[in-house]
Structures are given as C-alpha cells and as structure tokens.
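Those sequence lines, one after another, are chains A and B. First residue of the first sequence? That's 367 in the numbering used here, and the numbers climb one at a time after it. First residue of the second sequence? That's 367 in the numbering used here, and the numbers climb one at a time after it. A virtual CB, placed ideally from N, CA and C, is assigned to each residue, including glycine.
Protein chains: 2
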Amino acid sequence: MFTIGQVSEQFNIPVSTLRYYDKEGLFPYMERQSGIRRFSETEIEALRVIECLKASGLEIKEIKQFMQWCVEGSATYPQRRQLFEKRRAAVEQEIARLQKALSLLKFKCWYYDAAVKEGSEERVSKMLPDKLPPEIQKLYDEGRQ
Amino acid sequence: MFTIGQVSEQFNIPVSTLRYYDKEGLFPYMERQSGIRRFSETEIEALRVIECLKASGLEIKEIKQFMQWCVEGSATYPQRRQLFEKRRAAVEQEIARLQKALSLLKFKCWYYDAAVKEGSEERVSKMLPDKLPPEIQKLYDEGRQ
DNA sequence: ATATCACCTAAAGCTGGCTTTAGGCCAAGA
DNA sequence: TCTTGGCCTAAAGCCAGCTTTAGGTGATAT
C-alpha cells in the first residue's frame with residue numbers, strides 16, 4: 367500500500383496528475399483511509415496500463431471507459447480485447463511514422479555534418495535528389511515517402 | 367508552383383493549418399502573386415521538414431527558429447546540425463518508449479484472447495507474474511520495465 | 001505550542017495547435 | 001448578371017490535459 371506521494375515519486379508523475387486521474391475515474395477500485403487515497407497493487411497495475419494506453423494515443427475518457435469495462439466483469443472481455451488490438455495497430459503505425467521521420471533526421475545530420483566540415487552546403491546539395499552515397503540515399507528516400 | 371489548396375490536398379493538411387504555419391513564420395521564402403500565396407519547391411521541401419520536426423516533438427516556434435537559421439545562411443550550420451542531432455535522439459527515445467508500450471499491448475491482446483476463449487481470465491491471471499509461456503513472458507516483462 | 005509536512009477539495013487558469021467566424025476580393029461559368 | 005468557388009485577413013474560439021490557487025485537516029518534530 368502506497369500514499370499518493372510515494373506513487374508520484376515511484377512513477378515520476380506529479381501528485382496533481384494522480385489526483386486528476388483519480389477524479390477522471392481511472393482508479394475505480396481505489397480506497398481511502400480517513401479521506402486519504404491508498405494505492406494498492408491494483409492501482410499500480412492500473413497506472414501501468416494508463417501509461418501504456420496514453421502512450422498509444424488514447425484519451426483519458428477512453429481510458430476511463432476501459433476501467434469501467436474492467437469493473438463490469440467478464441461480459442466486456444471482447445471490448446477490452448478489441449481495444450488492445452486497435453491500440454496495438456495504432457502504435458505500430460506511429461512507430462512506422464517515427465521511423466520515417468528518423469530517416470530524414472539522420473539524413474539531415476549527415477547533410478549538416480558535411481556542410482559544417484566544408485563550410486558550405488553547396489557540394490552536398492548538388493547530390494540531391496538521387497546522387498547521394500547509397501547509405502544516405504536510402505535514408506533520404508525513406509524520409510520522404 | 368502550387369496554390370494553397372493544391373498543397374492542402376497533396377499533403378492532406380487543412381488550408382487553415384497551412385495559413386497558420388505561414389503566419390507563424392514557417393515559410394520565410396514564400397512569395398505572393400497579388401496577395402495569393404505561391405508554394406514553390408522550397409515551400410514543399412520546408413513542409414516535409416516541418417512534418418518531420420513536428421513528428422519529432424518540436425514545437426512550432428522552434429521550427430520557426432530553424433527556418434530563421436536557414437535564412438541566416440552558413441553561419442548557422444552548427445546550430446542546425448545540433449538541432450537535428452537532438453531531434454534524432456528524441457525520436458529514438460520515443461520509439462523505444464512506444465516499443466515498450468507495444469509489448470504490453472501485445473501481451474494484453476494475448477491475455478484477453480485467452481480470457482474470451484475461456485470465458486474467464488482466471489486461469490491466465492494465475493500465470494502472473496512469471497509463469498507465462500516464454501514468448502508472452504518476454505512481452506509482459508518488456509512491457510513493465 | 002507552534003511550525004512543518006503531507007495530505008485533501010473545488011475551481012480557475014494555462015498552453016499549444018489548430019479551427020472557426022465574419023467579412024471581403026476576384027474570376028469563371030450558367 | 002449573378003453566383004459559385006477559391007483565395008485573403010484578423011480575431012475569437014476550442015480542446016485536452018494538466019497545473020495552480022486558495023483554503024483546509026491532521027500527525028509529528030522542536
């Protein structure tokens with residue numbers, strides 16, 4: 367059992383944010399001891415799921431919906447399964463998007479590295495759009511698909 | 367040369383957003399023809415960089431800063447290089463974060479798949495936290511680091 | 001006894017990134 | 001001729017996700 371301050375420290379999440387999550391209904395099982403929140407293993411587990419769903423791009427109210435499904439029991443297994451499948455697809459897409467951005471960023475690092483070394487981007491800019499060294503050409507092309 | 371409407375369609379970005387970017391100074395070289403914006407290859411290129419930097423988590427005003435550096439010429443190569451290096455690191459970190467979330471999501475898909483099939487999460491929840499099938503155990507462990 | 005600390009609430013405030021609104025210009029087609 | 005469509009501006013509005021503020025409680029340390 368933990369206090370809000372301990373959880374805040376453990377997860378590096380502000381106390382105000384934990385209170386906000388609670389107010390939004392993300393800890394449906396949370397108990398209190400004379401007004402003070404008690405975070406049990408259930409809430410710690412919930413917090414891990416919250417962080418995961420939030421990273422996946424889900425909004426707070428949809429996370430609340432999920433928590434409600436948990437309270438409703440086995441009848442909502444299909445909804446919960448579907449939710450995780452959708453979030454999985456969303457995260458896979460987002461990773462792909464970031465990987466594309468990463469390629470362009472790597473290309474730009476190479477480009478400005480050369481520009482700094484040569485004092486000018488002239489030579490290197492003349493290699494665009496398809497006369498770049500193979501490795502770099504790949505990054506450049508990936509970055510603009 | 368493109369009109370704002372054509373660029374909007376090509377990039378699937380609302381016209382209002384393109385005007386907003388322009389107002390925020392993200393297209394320092396943009397020209398006008400009797401008041402109407404003309405998007406040249408320069409602006410198309412800029413837009414790709416904007417999308418990339420935005421994906422990397424950069425704020426609009428910092429993107430504007432970058433565009434200003436471009437206008438200032440070769441003296442700002444080092445700043446630009448440093449910016450791209452930092453964004454690269456940030457994106458790599460973000461991908462790692464998403465990969466962790468993805469592991470937990472995959473685990474949850476497996477979990478609820480079993481729960482749906484068996485009509486109960488009882489059996490499967492008893493395998494926690496370290497009696498899961500090897501493949502799944504890996505996902506579960508990755509998901510909570 | 002008093003001050004400090006960690007907790008509590010309700011409500012207001014903030015921020016970034018757009019989007020919407022209200023009003024206007026100009027060119028082409030019916 | 002008139003109306004439709006695409007362009008323009010400035011300014012107001014919107015939203016999620018917090019964070020801050022103002023005011024309060026109760027336990028422990030000096």
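Can you check which of these residues, A:418, A:412 and A:423, is closest to residue 434 (chain A) by C-alpha distance? Nearest C-alpha to residue 434 (chain A): A:412.
Cβ-based burial, residue 400 (chain B) [other Cβ within 10 Å; buried from 16]: Residue 400 (chain B) is classed as exposed because its beta carbon has fewer than 16 other beta carbons within 10 Å across all chains shown.
Can you round the beta-carbon distance between residue 402 (chain B) and residue 384 (chain B) to whole angstroms, since I take them to be within the 8 Å contact cut? Wrong, their Cβ atoms sit about 13 Å apart, outside the cutoff.
Can you grab the Cα-Cα spacing for the pair residue 416 (chain B) / residue 455 (chain A), in whole Å? Inter-residue distance for residue 416 (chain B) and residue 455 (chain A) is about 25 Å (C-alpha atoms, whole angstroms).
With distances taken Cα to Cα, identify the nearest neighbour of residue 449 (chain A) among A:432, A:499, A:511 and A:503. Closest option to residue 449 (chain A), Cα to Cα, is A:432.
Proximal chain A residues relative to residue 458 (chain B), where beta-carbon distance stays under 8 Å: 468, listed in chain order.
In chain order, what residues of the same chain lie with their CB nearer than 6 Å to the CB of residue 445 (chain A), ignoring the 5 residues before and after it? Here the set comprises 435.
Could you tell me whether any Cβ in chain B is nearer than 7 Å to the Cβ of residue 361 (chain A)? In the structure as shown, chain A begins at 367 and stops at 511. Residue 361 (chain A) is therefore absent and cannot be evaluated.
Nearest-angstrom Cα distance between residue 414 (chain B) and residue 375 (chain B)? So the alpha carbons of these two residues sit roughly 14 Å apart.
Please name the residue in B:477, B:377, B:443 and B:457 whose C-alpha comes closest to that of residue 488 (chain A). Nearest to residue 488 (chain A) by C-alpha distance, out of B:477, B:377, B:443 and B:457, is B:443.
Opposite residue 397 (chain A) in the DSSP bridges: which residues? Bridge partners of residue 397 (chain A) according to DSSP: A:404.
Residue 491 (chain B) classed as buried or exposed, judged by whether at least 16 other C-beta atoms fall within 10 angstroms: Exposed.
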